[in-house]
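Last residue of the sequence shown: number 266 in my numbering, and the count goes up by one each step with no gaps.
To start, the structure under review is shown below, and the notes come after it.
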Amino acid sequence: LPRFRGRVVYHDNLQPPRPGSAGRRPLRVNDMLVELNRFLAAHAGYHVVAESGDMLFGGLELRLRGGLYLAQGYYASMGFGVPAALGAQIGTGVRPLVLTGDGAFQMTGPEVSHAPRHGLTPIVVLVNNGGWGIFRPVSPRQDLLEIPPWPYAELAQSWGGVGFVAETAAELSEALRAAHEVKEFVLIECRVAPDDLSPISRRYIRASVKKNKAAT
């Protein structure tokens, strides 16, 4: 396929962190995206692969400097992120940064265990909200949206990679710094509240609910 080159105008939907809160306040998706933008600003040369679900919207907040951004919004089927990142690194040789939720990761995320034997080094940023978070604001059956907890960081280590857990913005910043230096694949588990979503997802859901109410 021909490479598309275009200029992107970014609209910042993220709230700046409060001074001095990075090491104390529980991590939010908004804070995670802020830290990822800081990381990408300091380290050029990454591609970004966004999973379906909340990260399909949250990934739109990331600011790339000449990198490739991959997402599959047309079908929005979950399970795209990790396998796509492996293929992207094989095809381009560029290290990918992967945004995924815990639900999608439990579908196809274990494919990252193939990374060591192929010499692949993705950085997987996993948002752990304990379930299918994108559906929680609209589903009448919350019990159907829960998923079993996995020890994600420990699994990464057992598959030949490196695992981190981040519960604050400061911990995420440190994990990203360390991940950049690591020569294996890395998984960073970002633990957030069950009802937390990216700013764009919140706006999209509010607009969809409003439109559906107007149509009835």
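For every residue, glycine included, the Cβ atom is placed at its ideal position computed from N, Cα and C.
Practice task
Spatial neighbours of threonine 266 within its chain, please: CB distance less than 8 Å, with the 5 preceding and 5 following residues excluded, ordered by chain position.
Solution key: none
Problem - glutamate 231: first and last residue of the uninterrupted beta strand (DSSP E) it sits in - result: Premise fails: glutamate 231 lies in the alpha helix (DSSP H), 219–231, not in any beta strand (DSSP E).
Exercise for the section: Would you tell me roughly how many angstroms separate the C-alpha atoms of valine 144 and arginine 78, rounded to the nearest one? Expected result: 28 Å
Exercise for the section: Note down, in chain order, each residue of its chain lying with its Cβ closer than 6 Å to the Cβ of leucine 51, except the 5 sequence neighbours on either side. Expected result: In this predicted model, leucine 51 has a pLDDT of only 47, less than 50, meaning its place in the structure is not dependable; the value taken from the coordinates is given anyway. Answer for leucine 51: no residue qualifies.
Practice task
Could you check which residue in Pro198, Ala216, Arg256 and Gly159 has the C-alpha nearest to that of leucine 86?
Solution key: Ala216
Handout entry: Length of the line joining the Cα atoms of histidine 168 and valine 259
Key = 45 Å
Practice task
If I'm right that glycine 108 touches leucine 83 with Cβ under 8 Å, what's the distance once you round it to whole angstroms?
Solution key: 6 Å
Exercise for the section: Note down the Cα distance separating proline 76 from tyrosine 202, rounded to an integer number of angstroms. Expected result: Each residue's Cα considered, the two are about 19 Å apart.
Practice task
Report the partner residues of tyrosine 119 according to the DSSP bridge assignment.
Solution key: DSSP lists Val98 as partners of tyrosine 119.
Problem - valine 174 classed as buried or exposed, judged by whether at least 16 other C-beta atoms fall within 10 angstroms - result: With 16 or more other Cβ atoms within 10 Å, it is buried.
Handout entry: Check whether isoleucine 197 and leucine 170 have beta carbons under 8 Å apart
Key = no
Problem - valine 232 classed as buried or exposed, judged by whether at least 16 other C-beta atoms fall within 10 angstroms - result: Counting of Cβ neighbours within 10 angstroms places valine 232 among the exposed residues, the total staying below 16.
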